[in-house]
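For reference, the structure discussed in these notes is given below.
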Amino acid sequence: MGHHQDLGLDQVRLEAAKECGDGYVLEPPESIDAAVVYKLYRGATGEVNGQAQRVWVDFPSLHLSWAPYDTPAQKQCRLSLLDVASCTATSASSGNGHGDVLCMELWGHPPVRSTREAERTGSSYGICQRDTLLLAVEATAYAMQGFAESLENLLASRDKEGKSKLEFIQRSLFQYLWRHQGVRLAENSEQALYEAQAVLAFNLDPKEGVKYLKGKLGKSSSLEVGQWLAQMSTVNGGLDPTLLGNYFSRRDSLEVFREFVCCLDFAGMNLVVALRKLFDTFKPGGESQVINRILELFADAYFLQWSKNKDKSIPETAYAAADSVLATAFSLIMLNTSLHVASKKAGKSPSASMTATEFVENTRRVVSEEEVPAAALRQFYADVKKAEMSMQPMPRVAFSRLPVQPDIEGWLIVLLGAEDQRRFWAVLALQRLYLFSDNSDVDPADACDLKDASAGKILDDADAMERYQMLQGRGKGKCFCFPRSGRGLADPDMERRAFAVNQKSDGTWLSQLGHPSSQLILVAESSDLMEKWVSLIDCGPY
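If you count the sequence shown from 1, position 283 lands on 288 in the working numbering, and the numbers rise without skipping.
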């Protein structure tokens, strides 16, 4: 997921190795790093028997599991990692415009010939026949390739290094999932926390992000908002360029953009380099009216800085006014479109694009030779031809790629009612709990502000236990991970993995899920992980 840094083996040994009953210490697998474990545990989406499902490695139970979106896996949809002989991924068919389709197939081991051999290998391989297909999942190569390769690596490590390596990951899952990412709190202060939360909020919804910025950080003027956006997009690199472009495309953000562009440093840059810097910070899209407004304000800001550093700009130019900068910038945008954008859309050959002579002639109609000499224009042409000025919106990045370091993340079952128990990928970051559906890893299905919240095991809280049993709808001691109408398996261990999160002040959570409540009843995948969730929710961000 982009921001993983492998935990050193020595560090993992110190932090996570567990003494076993017979005295030996489990060792980490040499060939499996944190990124592989994260990818397998997070899983991938595809189709099983024509139905949309998620498939993942359930490390707490050492099973490979699959289930329809947002539901726990049923008993018949789980395979022991010891019973999977191999994983293959082959091209299945065209993706009908959505990319190549892969078919990932899991195959079973040949039968063990004797009880003695079964005892020696420590497996239940005998339940599978040679060349028995255990599971087939079809998905786009983009969705499944990385998961299939990671699973192949895990199985190879199991076969080469032994099943004890799987047990090490099982016991040390939290350490493998914990990730070092780009943005840290510069200081342990409420101000630093609010600033990090504002970055995160903006990357999810710019309008809400600016609202949060004004409310929590007191940056109410266009000047203050523009300055903050410029700082976060350039110095800290924390804002999504596409979402920032969406925000600046709104007419009511014009004054904010004016301040934003004035804060960008164009000193000593020629016009092509300055335009690249501008469009690296945000992506305005292709709407002409939006680009016109943006270039007008950019031209004013660039001309002011250029005037103070004109001798440092190469090639030499002598703009008489901001209007000359604007006209040249327009000409460069048209050139960029002809060389890179139009040819892609129309499938034209490069020879059909604008030539250097045509570019010089077109620009000369609006800018004089004295201001922008032909030599400068030809240099601009060569620079743009060599590398496109990327202005088009990029795909939204997954939440996991945003510059924020989660305190903890992983699968949680959210109890919403006896007939509604859902499994979400949960991320605890900056005193907020984000719940992600299998339908999207970009926008959370819900988010809960935990600033004034406390957490605890339901076994230690009689009120929480009562609500837990009510939400189960099964009576005391009968706990299920599945709706009553589903075919689930009673899970007597569920109570030990369940915890409650309570608000200290008035408010509601889970409104977006249609179940507003002031208390969350959640179930982790192991009692160890449950304790981590409780501890990290209680201790806050510092």
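We put the CB at the ideal spot given by N, CA and C, even for glycine.
*Please go through the same chain and pick out, in chain order, the residues whose beta-carbon is closer than 7 Å to the beta-carbon of Lys-224, but skip the five residues on each side of it.*
The count along the sequence shown starts at 1 and reaches residue 224 at position 219. Excluding positions up to five away in sequence, the list reads Leu-218, Val-230 and Trp-233.
_CB contact flag (Asp-210, Val-402, <9 Å)_ = Your numbering for residue 210 matches position 205 in the sequence shown. Your numbering for residue 402 matches position 397 in the sequence shown. No, these two residues do not count as a Cβ contact at 9 Å.
_Can you give me the C-alpha to C-alpha distance between Gly-151 and Glu-157, rounded to a whole angstrom?_
Mapped onto the sequence shown, residue 151 falls at position 146. Mapped onto the sequence shown, residue 157 falls at position 152. Those two C-alpha atoms are separated by around 10 Å.
*Hey, could you find the ends of the alpha helix (DSSP H) Asp-285 is sitting in?*
Looking up residue 285 in the sequence shown gives position 280. Asp-285 -> alpha helix (DSSP H) spans 276-286.
*asked:* Rounded to the nearest angstrom, what separates Ala-148 and Leu-159 at their Cα positions?
replied: For the purposes of this step, residue 148 is taken as residue 143 along the sequence shown, with counting starting at 1. For the purposes of this step, residue 159 is taken as residue 154 along the sequence shown, with counting starting at 1. Cα-Cα distance, rounded: 18 Å.
*C-beta atoms of Val-419 and Arg-427 nearer than 9 Å*: To locate residue 419, count along the sequence shown from 1; it is residue 414. To locate residue 427, count along the sequence shown from 1; it is residue 422. For Val-419 and Arg-427, yes; Cβs fall inside 9 Å.
*Cα separation between Lys-44 and Ser-155?*
As a working mapping, residue 44 is identified with position 39 in the sequence shown. As a working mapping, residue 155 is identified with position 150 in the sequence shown. C-alpha separation (whole angstroms): 7 Å.
_My output table needs one value for Arg-370: the three-state DSSP class, helix, strand or coil._
Residue numbering aside, residue 370 sits at position 365 when the sequence shown is read from its first letter. Three-state result, Arg-370: coil.
*Do the segment 197-206 and the segment 434-442 make contact, defined as three or more Cβ pairs closer than 8 Å?*
yes
*Determine the contact status of Gln-294 and Val-346, defining contact as a CB-CB distance below 9 Å.*
Counted from its first residue, the sequence shown places residue 294 at position 289. Counted from its first residue, the sequence shown places residue 346 at position 341. Going by C-beta atoms, Gln-294 is not nearer than 9 Å to Val-346.
*Could you tell me the boundaries of the beta strand (DSSP E) in which Gln-56 lies?*
As a first step, residue 56 is located in the sequence shown; it is residue number 51 there, counting from the start. First-last of the beta strand (DSSP E) with Gln-56: 56-63.
_Quick test of your reading: Ala-551 and Ala-49, contact by CB under 8 Å. State the CB separation rounded to the nearest angstrom._
Outside the shown range of the chain, which is 6 to 547, sits residue 551, and nothing can be said about it.
*Rank Ser-318, Asp-443 and Arg-176 by C-alpha distance to the C-alpha of Arg-59 and give the top, closest one.*
Locating residue 59 in the sequence shown gives position 54, where the first residue counts as 1. Of the listed residues, the one whose Cα sits closest to Arg-59 is Asp-443.
_Rounded straight-line distance, which links the Cα of Leu-337 to that of Phe-385_ = On the sequence shown, position 380 is the one that residue 385 refers to. On the sequence shown, position 332 is the one that residue 337 refers to. Approximately 8 Å between the Cα atoms of the pair.
*Neighbourhood of Ser-70 by C-beta distance below 8 Å, restricted to the same chain and skipping five residues each side*: Your numbering for residue 70 matches position 65 in the sequence shown. Cβ neighbours of Ser-70 beyond the five flanking positions: Val-60, Trp-61, Val-62, Asp-63, Ala-78, Cys-82, Arg-83 and Leu-84.
_Where the beta strand (DSSP E) through Ala-144 begins and ends_ = The residue given as residue 144 occupies position 139 in the sequence shown. Note, Ala-144: beta strand (DSSP E), 138-145.
*Skipping 5 residues on each side, what residues in its chain have a beta carbon closer than 6 Å to that of Cys-544?*
Within the sequence shown, residue 544 is the residue found at index 539, counting from 1. Within the same chain, Cys-544 has no close Cβ partners at all.
*Coil, strand or helix - Ile-319 by DSSP*: Residue numbering aside, residue 319 sits at position 314 when the sequence shown is read from its first letter. In this structure, Ile-319 counts as coil in the three-state DSSP scheme.
*Just grab the DSSP bridge partners of Asp-543 for me.*
The residue given as residue 543 occupies position 538 in the sequence shown. Per DSSP, none; premise fails for Asp-543.
_Through-space distance from Asp-38 to Trp-112, alpha-carbon basis_ = Along the sequence shown, read from residue 1 onward, the residue named residue 112 stands at position 107. Along the sequence shown, read from residue 1 onward, the residue named residue 38 stands at position 33. Straight-line Cα distance between these residues: approximately 24 Å.
*Pull up the DSSP beta-bridge partners for Arg-502, would you.*
What you label residue 502 is simply residue 497 of the sequence shown in a count that begins at 1. BP columns for Arg-502 are empty, so no partner.
*Round the Cβ separation of Phe-262 and Ile-299 to the nearest angstrom and send it over; I've been treating them as touching at under 8 Å.*
For the purposes of this step, residue 262 is taken as residue 257 along the sequence shown, with counting starting at 1. For the purposes of this step, residue 299 is taken as residue 294 along the sequence shown, with counting starting at 1. Going by Cβ atoms, the distance from Phe-262 to Ile-299 rounds to 7 Å, so yes, they are a contact pair.
*What are the boundary residues of the alpha helix (DSSP H) that Leu-248 is part of?*
For the purposes of this step, residue 248 is taken as residue 243 along the sequence shown, with counting starting at 1. Note, Leu-248: alpha helix (DSSP H), 246-253.
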